[in-house]
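The next block holds one structure in the form of structure tokens; read it before the comments.
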Amino acid sequence: MNKIRTFLYIAALLLLVISASAEEEFSQAIPVDSDQPVVSTVSLHSAGKLLITSGDDHVVRVWDLASGVQIKQLKGHTGWVRTSAFVPNTSHVLTAGDDGSVLIWDTARGTLLRKVAQVGYRISRLAVSPDGRQVALVGFSRHITLLELESGDVLHQLDGRTDDIRALAFSQSGKAIATGGRDGFIRLWSVDSGQSLGAMVAHRQRVRDLVFLQGDALIVSVSDDRTMFVTDLENAAASYRIPLGGVVPFALAACGDVNEVAVGGTDNQISVWNLKRQSIRKVFKGHAGSITSLDYISRLNGLGGTLVSGSFDTSVRIWSLGPVEPMRVRVSEQSPTAAK
Numbered sequence: 002m003n004k005i006r007t008f009l010y011i012a013a014l015l016l017l018v019i020s021a022s023a024e025e026e027f028s029q030a031i032p033v034d035s036d037q038p039v040v041s042t043v044s045l046h047s048a049g050k051l052l053i054t055s056g057d058d059h060v061v062r063v064w065d066l067a068s069g070v071q072i073k074q075l076k077g078h079t080g081w082v083r084t085s086a087f088v089p090n091t092s093h094v095l096t097a098g099d100d101g102s103v104l105i106w107d108t109a110r111g112t113l114l115r116k117v118a119q120v121g122y123r124i125s126r127l128a129v130s131p132d133g134r135q136v137a138l139v140g141f142s143r144h145i146t147l148l149e150l151e152s153g154d155v156l157h158q159l160d161g162r163t164d165d166i167r168a169l170a171f172s173q174s175g176k177a178i179a180t181g182g183r184d185g186f187i188r189l190w191s192v193d194s195g196q197s198l199g200a201m202v203a204h205r206q207r208v209r210d211l212v213f214l215q216g217d218a219l220i221v222s223v224s225d226d227r228t229m230f231v232t233d234l235e236n237a238a239a240s241y242r243i244p245l246g247g248v249v250p251f252a253l254a255a256c257g258d259v260n261e262v263a264v265g266g267t268d269n270q271i272s273v274w275n276l277k278r279q280s281i282r283k284v285f286k287g288h289a290g291s292i293t294s295l296d297y298i299s300r301l302n303g304l305g306g307t308l309v310s311g312s313f314d315t316s317v318r319i320w321s322l323g324p325v326e327p328m329r330v331r332v333s334e335q336s337p338t339a340a341k
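Structure representation (structure tokens):
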């Protein structure tokens, strides 16, 4: 009897571990149903129920994440929509692109709330502060624009010191923004004062994307020079570079764990990197074109999360990413050795 109970316990335990591992293989493809060739931005709602996609057909689409069904189309842009972001803890999403307009939408109602701002340059990236009060913009110019979301007032208009700025992020504290552009530099700016906080030579070519990790301690960036660079803001000597082989990376996303990021680019796949080990933990394949955009949200239980990718192949894919180490869950409070 003891052997049978022990066997059943081990079998159940293995099933849980295998399920957690197999979960990483799952992906769901969402065809955007558009004649246009590019999905340029994807954004996940923090509650994990909604997905935003948009591209060069000027339409913002709202999807039910669980079913993959398109539930709304939001029309108001007159140019390529290149970037989007949800306002934290709301159902509102911001979008921007080639028409220079920053629009805010209510995804629950499917309505345009207002035009937040109109700038004189094509916008490549927007970012919303963690508290939802400020919006930063960069694009195909030297300008960095910091706005107050509620009023649309310009708080700071900064000289980004290089053209074609593609990379932008708020620090996790919301006190700084980081930008990256054609000259390969990563630049830091104070949100309060608009003053420069410094510049780091991270890459030899254009910076494509960047994220903050570990609070405000690290900036991870990817570039046309086919490398990923980890900038340690507390100890510059601890910064390091990771070669990406022949891949030109276009998109980057932090994957919940403080040491993991997802990278997508010209090899049509997504590589999940463990930065501490400087190695690839997982590769997701399925796209037939370059990856243009990535977003990630953690599960509420903290065990892995959902990764979404947009591509030149006009599709969006949803990937389930398990935890770094599968959690072993005891199915009974009574250990097998104690079972009699």
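When the letters of the sequence shown are read in order and numbered with the working numbering, they come out as residues 2 to 341.
Glycine residues also receive a C-beta, built at the ideal position from the N, C-alpha and C atoms.
These numbers were taken from a predicted model, which means no experiment stands behind them.
Buried versus exposed, by CB contacts within 10 Å (16 or more), residue i
| i | result |
| --- | --- |
| G311 | buried |
| R188 | buried |
| L1 | Given that the chain is displayed from residue 2 to residue 341, the structure contains no residue 1 and the question cannot be resolved. |
| E261 | buried |
| Q135 | buried |
| P250 | buried |
| G247 | exposed |
| A237 | exposed |
| I298 | buried |
| G257 | buried |
| V155 | exposed |
| R62 | buried |
| R205 | exposed |
CB contact below 7 Å: residue i versus chain D
| i | result |
| --- | --- |
| N90 | Given the protein chain composition of this structure (a single chain), no chain D is represented. |
Beta-carbon proximity list for residue i, same chain, < 6 Å, skipping 5 on both sides
| i | result |
| --- | --- |
| H157 | L147 and G195 |
| L295 | A252, A254, A263, G265 and S310 |
| P324 | L304 and G305 |
| L138 | I124, L127 and T146 |
| E24 | Here the model assigns E24 a pLDDT of 39, short of 50, so the residue's position is not dependable, and the following value carries that caveat. Taken in chain order, the residues that qualify are S321 and G323. |
Candidates the options: closest to residue i by CA position
| i | options | result |
| --- | --- | --- |
| A48 | V264, D165, D296 and R300 | R300 |
| I31 | H288, E235, S191 and P250 | H288 |
| V192 | A237, D132 and V202 | D132 |
| K286 | Q270, W274, L104 and Y297 | Q270 |
| D99 | A109, G56 and L114 | G56 |
| R126 | V155, T112 and R209 | R209 |
| I124 | F141, T112, S130 and T108 | F141 |
| V39 | D184, L45, Q29 and T54 | T54 |
| W259 | P244, T293 and V221 | Sequence check: residue 259 is Val here, not Trp. It is V221. |
Coil, strand or helix - residue i by DSSP
| i | result |
| --- | --- |
| G237 | The sequence shown places Ala at residue 237, rather than the Gly named in the question. In the structure shown, A237 sits in a helix (DSSP, three-state: H, G or I). |
| W81 | coil |
| S291 | coil |
| V259 | coil |
| L245 | coil |
| Y297 | strand |
| D132 | coil |
| N90 | coil |
| T98 | Correcting the residue type first, residue 98 is Gly in the shown sequence and not Thr. In the structure shown, G98 sits in a strand (DSSP, three-state: E or B). |
| L156 | strand |
| P324 | coil |
| I31 | strand |
| R162 | coil |
| T108 | coil |
| N275 | strand |
| V354 | A query on residue 354 cannot be resolved here, the shown segment of the chain reaching from 2 to 341 and no further. |
Residues near residue i by beta carbon distance below 8 Å, same chain, minus five either side
| i | result |
| --- | --- |
| R143 | D160, G161, R162, T163, D164 and I166 |
| K73 | R62, V63, T108 and G111 |
| D217 | S172, Q173, S174, K176, A177 and L234 |
Proximal residues to residue i (C-beta, below 7 Å), its chain only, five neighbours per side dropped
| i | result |
| --- | --- |
| M201 | F186, I187 and T232 |
| E26 | Because E26 carries a pLDDT of 46, less than 50, the predicted location of this residue cannot be relied on, and no value is offered for it. |
**Report entry** Three-pair Cβ contact test at 8 Å for the region 105-122 versus the region 163-179
**Finding:** In this structure the region 105-122 does not touch the region 163-179; the number of beta carbon pairs closer than 8 Å is below three.
Requested in this report: Would you be able to state if there are at least three C-beta pairs under 8 Å between the region 177-193 and the region 89-96?
Outcome: Cβ pair count under 8 Å is below three, so no.
Query raised in the report: Should the region 280-292 be called in touch with the region 216-226, which here means at least 3 C-beta pairs below 8 Å?
Result: Segments in contact, no.
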